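Counting in this note's numbering, the sequence shown runs from 1329 upward without gaps. Heads up, the beta-carbon is just placed ideally off N, CA and C, and yes, glycines get one too. Model, not experiment: these values are computed from the prediction. Heads up, the thing below is written out as C-alpha cells.
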Amino acid sequence: MTHEAEKAYRAAGIDPEQVKTAIDYLHQMEQRGSEGQEARRAFVRALAELARENNVAKTAIENRLEQISGQLAPENVDTFRAYYLDGDKRPNPRSLSRRLYVDVGTIYRRNRKVIDAMIVPFFGVDGVDFV
C-alpha cells in the first residue's frame, strides 16, 4: 500500500492495517484448494453469525438456504436455522443438542454441511472444491 493510500485511509478514519488484513483475506478466498476453501467457509460462517443482528446478512443467508434446501436433509437445514437464525442469541451447542435429541458433534456436522453447500451459491464456480 502506498503512503498516499495510507494517508487517505487515515483521513477517512480507517485503519490501514485493517485494510491490509481484509485484502489478505480476500486473496486467500481467491486461492484454489483447501486454503481458499477454508477462507470461503469462514466467510459464510461469519455471515451466518452476523445474521442475527443484520437484516442484509440474514436475507443473504435465508436466500441461500432456499437455494440449497432440496440438496440437504431437512434436519441439517433445521439445525442450521436453530443455531444461526432463530431467536435473539445463538444457543449453546449443548442445549441445542438436548433440544434436538442429538449429540453435540451432530450440531457441528450438520452446520458444516449447510455451510459447505452454501459456498457454491455464494461464490459460483470458484466455490467448487476440485481438489
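When secondary structure is reduced to three states using DSSP, Leu1400 falls in the coil class, being assigned neither helix nor strand. For the pair Thr1407 and Arg1380, the CB atoms are not nearer than the 8 Å cut-off.
Inter-residue distance for Lys1441 and Ser1397 is about 11 Å (C-alpha atoms, whole angstroms). DSSP places Pro1449 in the uninterrupted alpha helix (DSSP H) bounded by 1432–1451. Judged by DSSP secondary structure, Pro1419 falls outside any alpha helix (DSSP H); it is assigned neither H nor E. Cβ-Cβ separation between Arg1392 and Pro1449: approximately 5 Å, consistent with a contact (criterion under 8 Å).
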